[in-house]
């Protein structure tokens, strides 16, 4: 077996040093009747054979790059510079552990410090942590944090929040019998969420751009939340939007959670992604997850360490702010490297290119009879109302090589109001030809 | 001064010469690197993008007009920045990384290659079912391997890491208890004092109270103490097996029986499954739920702290409460069950506890883990477990001449030492660990598990050759002798050859600086 360095002679001589006769002597605490069971599995295979098997499965999938592609809803196709993938494959990053020995992990720690700074700047917040698993789990953690900060047990979720984010949050909060108030589906961004906040409310969770693509003004919601002593949690699933849209921090959010996948990380069928988590300085001791901080070494040189660990499970155990341990280390590196390549100028330009692509797409689809665009505003995603079930349309178009978007029935299977909705995203990867093909096929399908 | 055969010095005895400062602060291959915020400016960029057309925007008047504060670097500057940073890291590709409980084994590059196939990497999680059949096949195949290796009937694939898998298992237990109508009654979870911190944290995150179980003299769960704590208010028990002392819980089946008899469930922390994979099926030991760290046992890389992946196997009693979404296969075609309503129809009317994450779990880790499993096969997985246990026992046998083993007898995949051998030397576990850094090794896990004083937990894994282990043991034996000879200053000064000397964690925590700010340009490293 090519991954195992010991040979039979080594094994014999090592057993002798140990003072055991055979390997199973070392397993003598295992009940003997269940040791060395048989398994219905094949034996080891060559690298070539494994590659063949895996490639055959990969070939059965319709990759985003294989044709016109317009799916978003929390995961977006963007170009990733070749440099990013090279950097994250360096042994020293790829095969390192969590930086618990900072003297020999300054590489990881410094990029985490840079990541935290980038995320804080992007979201308009004061501090950010070193990542969560993804945006949705970050959202649940934010709700738990708001519960700790306000000592209240009721949360209000906007009808524009990604339903999977809402479901993850509900799954976590209902464990504590908290009251989760979910506003009805709000595709046109017309809900009065402020009216739902009362003196019992720990937090209100609002996404912008929302799951339908509407750009939402958070300022009045922040004001209403603060007047009742509640926190505003802003969710951003398309982080590139923050190169064009006012940041949640500028609009008064108390916690911002985001999905960072769009920067540096591939679609990858949903994971691994990188959860962004930012808040105000006054709440740092209530934050979940790892934090990297600046310090000095024994001779006064600047260095970085994991800090405020007294919030974390390995120190605080049952009193920890979260049980999270392993986070999205390498995905934060991809984010940081890509963001370093973009810089502010590149990010703003990339955001404009996304907006341009979506505007062109909207203009082309709006001309189709019976197809209506719901949004008044959008960044790189909008929602269509079709004259028929969107799920059927999406399947029909997929057969013709066009991945058209996410049908409402996929996200809200129990809500008939969503059946004819189609959520369409367009990024810098979409070409004019893609848009033309999409429009032609959609016209035929409806 | 030591000389080689041609009379040239091989080592300077003049300490001052080796410590001589340079004008730049660099030390040959070790090059100091500032933060990107100190190098780049807001106009710089390392990408060439098309020029957007001038058009009226549709952003609803919410344009971002203020500065964001993100510097950009050109491509060569970016590459150099991150390569310089990388050279300040230790990694498994450089040498032994014997962190107990963390399982730092070789990361095959085949796994990286297959994960990057466009059919996997460039695939959207919400693409239509027919467009993702190969991805669902990967999930289904990996699930089959995990169920077969654990002897369990079901597995939840979506947990994003080990601690998330714990959450998954404990949520399933909570749902099962509530389905029995005992939700208000069974609120206590038992966990050994030697448990990973994630165990108590997870139990509390699920709304349970935690009650500790002491260890017996052999480093294992004290069965009688456990039995005394059982009652009709106990939801379950969380036990790591092999445990955090590197020992197999001899009484594991008696523990499971006792918990079941009391009406509770048995959560097994599978962080150490690598010691027994291919040897023993946890399902044969009475386990109800167990997460598997794909980034430990099945070698998807740790990546400097993640991403992980924590699929959680479930017993018959818990399977119906599994989280959505999950994959089912029907006549060679795969489907996703994505709603609680659909899951209820699948699960004999029992209710899924809900959703753990936006999508389907860590697909990028699934492809890597499956490539690893196919490469090993059942014979290789068993051999890997045996070699891991052999290597740990070899290290224990060689080091016990100078160091003190915490518990007698053979260990499993990791060897646990305490600090008795450092008694009266003035040297502490942390000093010993930092001295290892200068010798070219990543230290072992320190001060964990908490039940052993000054713990040093060494997990060599199956990836180390005998030659590498011999060198490692020689180094540790030499350090032990040095500690006993009274060279406290040597240890307290360590490390001296790393990119940084010992870092002050107290200063970091007292006045936290968690980001770079223009007003507080952190003093450049001089």
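Chains as they are written, first to last, in our numbering: chain B, 138 to 583; chain Z, 4 to 529.
Yeah, the Cβ is synthetic: ideal placement off N, Cα and C, and Gly gets one too.
Could you tell me whether the region 102-118 of chain Z touches the region 295-302 of chain Z, using the rule of 3 or more Cβ pairs below 8 Å?
With the rule of 3 Cβ pairs closer than 8 Å, the region 102-118 of chain Z counts as touching the region 295-302 of chain Z.
Select from the region 155-187 of chain Z all residues with a C-beta closer than 8 Å to any C-beta belonging to chain B, and list them in chain order.
Answer set for the region 155-187 of chain Z: 163, 164, 165, 166, 167, 169, 170, 174, 177.
Contact with chain Z by residue 553 of chain B, beta-carbon distance below 8 Å:
It does not; no Cβ of chain Z falls within 8 Å.
Can at least three beta-carbon pairs, one atom from the region 153-165 of chain Z and one from the region 328-335 of chain Z, be found at a separation below 8 Å?
Of all C-beta pairs linking the region 153-165 of chain Z to the region 328-335 of chain Z, three or more are shorter than 8 Å, placing the two stretches in contact.
Using only the alpha-carbon positions, how far apart do residue 185 of chain Z and residue 257 of chain Z sit?
Their Cα atoms are separated by approximately 24 Å.
Should residue 26 of chain Z be labelled buried (16 or more other beta-carbon atoms within 10 Å of its own) or exposed?
Classification of residue 26 of chain Z: exposed, given that the 10 Å Cβ count is below 16.
For residue 144 of chain Z, which residues from the same chain have a beta carbon less than 7 Å from its beta carbon, with the 5 sequence-adjacent residues on both sides left out?
Here the set comprises 373.
Between which residues of its own chain and residue 73 of chain Z is the CB-CB distance below 8 Å, once the five residues before and five after are set aside?
Taken in chain order, the residues that qualify are 45.
Can you give me the start and stop residues for the beta strand (DSSP E) that residue 270 of chain Z sits inside?
Its beta strand (DSSP E) spans residues 268-272.
Check whether the region 175-188 of chain B and the region 346-354 of chain B touch, using three or more Cβ-Cβ pairs below 8 Å as the test.
No: the two stretches stay apart, fewer than three of their Cβ pairs being nearer than 8 Å.
Considering only DSSP beta bridges, list what residue 332 of chain Z is partnered with.
Residue 332 of chain Z is bridged by DSSP to Z:337.
Assuming contact is defined by CB atoms lying nearer than 8 Å, are residue 183 of chain Z and residue 238 of chain Z in contact in what I supplied?
No.
Comparing the C-beta of residue 528 of chain Z with each C-beta of chain B, is any distance below 8 Å?
Caution applies to residue 528 of chain Z, whose pLDDT of 34 falls short of 50 and renders its modelled position unreliable; the model cannot decide the point.
Compute the Euclidean distance between the alpha carbons of residue 484 of chain B and residue 296 of chain B, then round it to the nearest angstrom.
Taking the straight line from one Cα to the other gives about 29 Å.
Backbone secondary structure at residue 149 of chain Z - three-state DSSP:
Residue state for residue 149 of chain Z is assigned as helix, using DSSP reduced to three classes.
Using a Cβ distance threshold of 8 Å, determine whether the region 561-572 of chain B contacts the region 544-552 of chain B, with at least three qualifying pairs required.
Verdict: no, contact absent.
Output the boundary residues of the alpha helix (DSSP H) element that contains residue 276 of chain B.
From DSSP, the alpha helix (DSSP H) with residue 276 of chain B extends over 272-287.
So, do the region 172-179 of chain Z and the region 423-434 of chain B have three or more beta carbon pairs nearer to each other than 8 Å?
At 8 Å Cβ cutoff, the stretches do not touch.
Within 8 Å, strictly: CB atoms of residue 188 of chain Z and residue 409 of chain B
No, the pair does not count as a contact, with Cβ atoms beyond the cut-off.
Whole-number beta carbon distance between residue 141 of chain Z and residue 370 of chain Z, since they are thought to touch under 8 Å
Residue 141 of chain Z and residue 370 of chain Z do touch by the CB rule: their CB atoms are close to 6 Å apart, below 8 Å.
Could you tell me which residues DSSP pairs with residue 191 of chain B in its beta bridges?
In DSSP, residue 191 of chain B forms no bridge with anything.
Within 10 angstroms of the Cβ of residue 525 of chain Z, are there 16 or more other Cβ atoms? Answer buried if so, exposed if not.
Its pLDDT being 47, under 50, residue 525 of chain Z is placed unreliably in this model, and the value from its coordinates should be taken loosely. Buried, by the Cβ-count rule.
Assumed close pair residue 443 of chain B, residue 52 of chain Z - CB separation to whole angstroms, cut-off 8 Å:
The C-beta separation of residue 443 of chain B from residue 52 of chain Z comes to about 36 Å, leaving the pair out of contact by the 8 Å criterion.
Can you list, in chain order, the residues of its chain with a C-beta nearer than 6 Å to that of residue 415 of chain B? Leave out the 5 residues immediately preceding and following it.
Contacts found: 256, 257, 260, 262, 265, 393.
Residues bridged to residue 439 of chain B (per DSSP)
DSSP lists B:433 as partners of residue 439 of chain B.
Is residue 220 of chain Z helix, strand or coil when you go by DSSP?
Three-state DSSP puts residue 220 of chain Z in coil, outside helix and strand.
Whether residue 37 of chain Z touches residue 198 of chain B by CB criterion (8 Å)
Residue 37 of chain Z places its beta carbon 8 Å or farther from that of residue 198 of chain B.
If the cut is a Cβ gap below 9 Å, which residues of chain Z does residue 484 of chain B touch?
Simply 48, 71, 73, 75.
Since residue 284 of chain Z contacts residue 171 of chain B with CB under 8 Å, what's their CB separation in whole angstroms?
About 7 Å separates the CB atoms of residue 284 of chain Z and residue 171 of chain B; that is less than 8 Å, so the two are in contact.
Please tell me whether residue 492 of chain B has its Cβ less than 8 Å away from any Cβ of chain Z.
Taking a beta-carbon distance threshold of 8 Å, residue 492 of chain B counts as an interface residue toward chain Z.
Mind checking which residues open and close the beta strand (DSSP E) that includes residue 293 of chain B?
It spans 291-294 - the beta strand (DSSP E) in which residue 293 of chain B sits, taken as one unbroken run.
May I have the straight-line CA-CA distance separating residue 512 of chain Z from residue 445 of chain B, to the nearest angstrom?
Rounded to whole angstroms, the separation of the alpha carbons of residue 445 of chain B and residue 512 of chain Z is 5 Å.
Name the one or two DSSP bridge partners that residue 180 of chain B has.
Within the DSSP secondary-structure output, residue 180 of chain B pairs in a beta bridge with Z:380.
Rounded distance between the beta-carbons of residue 368 of chain Z and residue 298 of chain Z, thought under 8 Å
With 8 Å as the limit, residue 298 of chain Z and residue 368 of chain Z qualify as a contact, their Cβ atoms being about 7 Å apart.
Other residues of its chain near residue 118 of chain Z: CB distance less than 6 Å, five sequence neighbours each side excluded
367, 370, 371.
So residue 275 of chain Z contacts chain B; which residues on that side make the cut at Cβ distance below 9 Å?
Under the 9 Å cutoff, chain B gives no residues; its nearest Cβ is about 13 Å from residue 275 of chain Z.
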